[in-house]
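J.: Dropping a structure here in structure tokens format, bear with me for questions.
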Amino acid sequence: MENQKVYIITGLSGSGKSTAIQAFEDAGFYCVDNMPMELIPKFLEIPFKETPSVKGTAFVMDMRSKSFISNYATGISAIEDIGISPQIIFLDAGVDTLLKRFSQTRRHHPIAHEKSLLESIKSEKQAMQFIKQVAHHIIDTSAYNVHQLKSVILDLIHDGKKTTNRMKLNILSFGFKYGIPNDADLVMDLRFLANPYFVPELKNLDGESTAVRQFVMTNPEAINFLDKYYTLLDYLIPLYKRENKAYLTIAVGCTGGRHRSVAIARSIFEHLNKKGLTPGIIHRDIDRDVKEI
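Right, here's the structure in full:
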């Protein structure tokens with residue numbers, strides 16, 4: 012139990028705790044929002060045998076719980092008594108920033124009661140000061156957008172080591188006559204290429220067959236296209252990773268999703284695989300024409 016990673020995320024309302032907990036979820040942590048401090052020791056006794064992939068636990072707690080401040084010190088001691096030393100992350104932000112964020116979201120401050128928003132923010136800052144002083148990590152989020160804050164949290168979780176493989180990359184072939192995939196991020200129309208469907212000996216084959224792949228991949232237009240598209244993808248993918256995008260689906264389509272798009276999707280898959288990106292590949296409509304005949 013002493014090796015169990017436990018983080019407590021706390022701080023000011025509007026400072027970005029929801030974004031922080033999302034980063035922990037992306038990193039494989041079991042996350043609980045608004046957990047009462049006194050329940051944490053019991054919760055941590057629950058084994059995660061059914062979920063060995065869980066990297067640890069992260070709890071968001073703050074002044075939404077009326078007993079948070081009064082129970083904080085004894086709660087931390089109770090966690091340490093069971094052999095766990097939690098890391099405390101305190102998210103802070105300037106008063107002007109918090110005022111702007113609450114105005115934009117139109118949310119009520121959790122400790123507003125009869126106070127104005129400004130008074131509530133100042134009151135919470137004062138009440139949370141002693142927790143801030145003993146936190147292991149203090150992050151001022153005033154200048155961060157959600158993507159930058161996620162990046163800071165993920166770097167903290169991984170001890171400053173940059174993790175470049177968090178994004179799940181998928182290559183998807185499809186047929187335009189069946190609709191553009193809803194989950195596609197990048198869509199390329201391949202209907203400018205010569206269609207194997209009109210070659211009698213290729214019509215009943217698909218883009219994974221050697222004959223169709225050779226037909227498509229020896230086309231000068233396909234060769235030129237892939238040369239330029241590889242360059243574009245090699246440029247874009249690191250930028251998407253930098254923004255901590257969780258999924259990136261590259262969709263390539265032809266008329267029926269059986270010939271050209273399948274062959275090109277396979278080539279893109281092989282190109283990215285050689286670069287160590289371990290993409291997935293899905294041929295959404297490869298058999299659809301056959302099944303519907």
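Note that this note's numbering has the sequence shown beginning at 12, numbered continuously upward.
For each residue, glycine too, the CB sits at the ideal point set by N, CA and C.
1) Answer with buried or exposed for N176, where buried requires no fewer than 16 other C-beta atoms within 10 angstroms of its C-beta.
2) Would you tell me roughly how many angstroms separate the C-alpha atoms of D107 and A138, rounded to the nearest one?
3) CB of A89 to nearest heavy atom of the ligand SAH: below 8 Å?
4) Compare the Cα-Cα distances from L288 to each of N156, K179 and I142 and report the closest residue.
5) So D196 and L259 are supposed to be a Cβ contact under 8 Å. How far apart are they, rounded?
6) For G86, report the span of its alpha helix (DSSP H) as first-last.
7) Alpha carbon to alpha carbon, how far is F209 from Y189?
8) What does a CB cutoff of less than 8 Å around I20 pick up in its chain, not counting 5 residues either side in sequence?
9) Residues bridged to D298 by DSSP?
10) Per DSSP, what kind of secondary structure is Y203 in: helix, strand or coil?
11) Using the C-alpha atoms, what's the distance from T266 back to I5?
12) Quick one: Cα of Y41 to Cα of N206, how far?
13) Provide the residue(s) that pair with K179 in DSSP beta bridges, ordered along the chain.
14) Around the Cβ of N255, are there at least 16 other Cβ atoms within 10 angstroms (buried) or fewer (exposed)?
15) According to the Cβ coordinates, are I248 and V263 closer than 9 Å?
16) Measuring only the C-alpha atoms, how far is A89 from S81?
17) What is the rounded straight-line gap between the Cα of V198 and the Cα of R253?
18) So, helix, strand or coil for Y246, using DSSP?
19) With a Cβ-Cβ cutoff of 9 Å, do D200 and L183 count as a contact?
20) Apart from the five residues on each side of it in sequence, which residues of its chain come closer than 6 Å, Cβ to Cβ, to I132?
21) Pull up the distance between the alpha-carbon of A154 and that of Y241, whole angstroms please.
22) Report the three-state DSSP secondary structure of H148 (helix, strand or coil).
23) Assuming A195 is part of the alpha helix (DSSP H), what are its boundary residues?
24) When DSSP labels each residue in this structure, what does Q98 get in the three-state scheme?
T.: On the basis of the data shown:
1) At N176, the pLDDT of 49 sits below 50, so the modelled position is not reliable; the number obtained from the coordinates is stated separately. Label assigned to N176: exposed.
2) 18 Å
3) For the ligand SAH, the structure offers nothing, since it holds no ligand at all.
4) K179
5) 5 Å
6) F79 to D92
7) 19 Å
8) K28, A31, I32, F35, A69, F70, V71, M72, I100 and L102
9) DSSP output for D298 lists no bridge partner at all.
10) Just to set this straight, residue 203 is Phe in the shown sequence, not Tyr. Residue state, collapsed to three classes: coil.
11) This structure cannot settle anything about residue 5, because the visible part of the chain is limited to 12 through 304.
12) 49 Å
13) Y258
14) buried
15) no
16) 14 Å
17) 21 Å
18) helix
19) no
20) V106 and L109
21) 35 Å
22) strand
23) Taken as a continuous stretch (DSSP letters only), A195 belongs to no alpha helix (DSSP H), as it is neither H nor E.
24) strand
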